[in-house]
Structures are given as C-alpha cells and as structure tokens.
Amino acid sequence: MKNKILSTLVAGLLLIGIGSSSLVSAATIYTDGGTWSYGVGSKYVWSYYSNNYRYHSSTVIGKTRSFSGFRKPGVRAQASSEKRWWWRNEAYYNVY
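Residues -26 to -1, 1 to 70 in mature numbering (1 follows the signal peptide of the UniProt record, and there is no 0) are what the sequence shown lists, from first letter to last.
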C-alpha cells in the first residue's frame, strides 16, 4: 500500500502531460530494494521497475491503462501508453 501512495504522489507531482508541449518529465529513484524509472515524454508515459529480490510489476495510465504483468526477481517490469494531452498521466510500481 505504501508503494502505491508514494508512487501516486510522485507521479501526480511530476507526470502532468501539458498540451502539445515537448517537455520531458522523468525520474529514476531507488525504492523498496529496486530501481524505478518513470516519466512522460512528448508522446508516451512509461514506468519501468526492476527488483532482484522480489516479484514486482509496473502500471501506467495514459490514453489507455497498461500493466506489465507480474515479473520475477531480476526481470524488468515495463509498462507504457500514449500520453493524455489534456489530463494527468499516472505511473505506478508495486512489489509483492
């Protein structure tokens, strides 16, 4: 649960798709024993999470919702979607 809250807050602050701007908002953080890279580019929103010790997943919500599926330790979870132009884009990760 704390992962979702953290990712929602971070995603809400950093991943706002603004009009036709080509500005890229992205970050990489080390959390819950893994590495989470996420962002919004000129066309896509993405979330990539890697963890060598626990099962994990990534999700994004842009024009559509994309779920990476459950990944084994050591396998990168990847989710991406076309971004929304006039509404908030969201990126999440989770560990199990």
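Backbone N, C-alpha and C fix where the C-beta goes; we use that ideal spot for every residue, glycine too.
All values reported here derive from a predicted model rather than from experimental measurement.
Which term fits residue i, buried or exposed, when burial requires 16 or more other beta carbons within 10 angstroms of its beta carbon?
{"i": "Thr33", "result": "buried"}
{"i": "Ala65", "result": "buried"}
{"i": "Arg45", "result": "buried"}
{"i": "Ser24", "result": "buried"}
{"i": "Asn63", "result": "buried"}
{"i": "Val14", "result": "buried"}
{"i": "Gly48", "result": "exposed"}
{"i": "Ser31", "result": "buried"}
{"i": "Ser(-6)", "result": "Reliability of the predicted coordinates at Ser(-6) is poor, the pLDDT of 49 falling under 50, and no value is obtained from them."}
{"i": "Gly7", "result": "exposed"}
Beta strand (DSSP E) containing residue i: first to last residue?
{"i": "Tyr70", "result": "Where Tyr70 is concerned, there is no enclosing beta strand (DSSP E), given that its DSSP letter is neither H nor E."}
My understanding is that residue i touches residue j, with C-beta atoms under 8 Å, so please give their C-beta distance in whole angstroms.
{"i": "Tyr70", "j": "Trp10", "result": "Not confirmed; about 15 Å, so no contact."}
{"i": "Ala53", "j": "Ser16", "result": "The pair is not a contact, with the Cβ atoms about 18 Å apart (cut-off 8 Å)."}
{"i": "Tyr18", "j": "Lys57", "result": "6 Å"}
{"i": "Ser55", "j": "Ser42", "result": "Their Cβ separation, rounded to whole angstroms, is 12 Å, which puts Ser55 and Ser42 out of contact at 8 Å."}
Within 7 Å of any Cβ in chain D, is that where the Cβ of residue i sits?
{"i": "Trp60", "result": "Structure shown: chain D not included; a single protein chain is present."}
>> In chain order, what are the residue ranges of uninterrupted beta strand (DSSP E) at least 3 long that sit wholly in the stretch 14 to 63?
In response: Segments of the beta strand (DSSP E) lying fully in the stretch 14 to 63: 18 to 25, 30 to 35, 39 to 41, 51 to 56.
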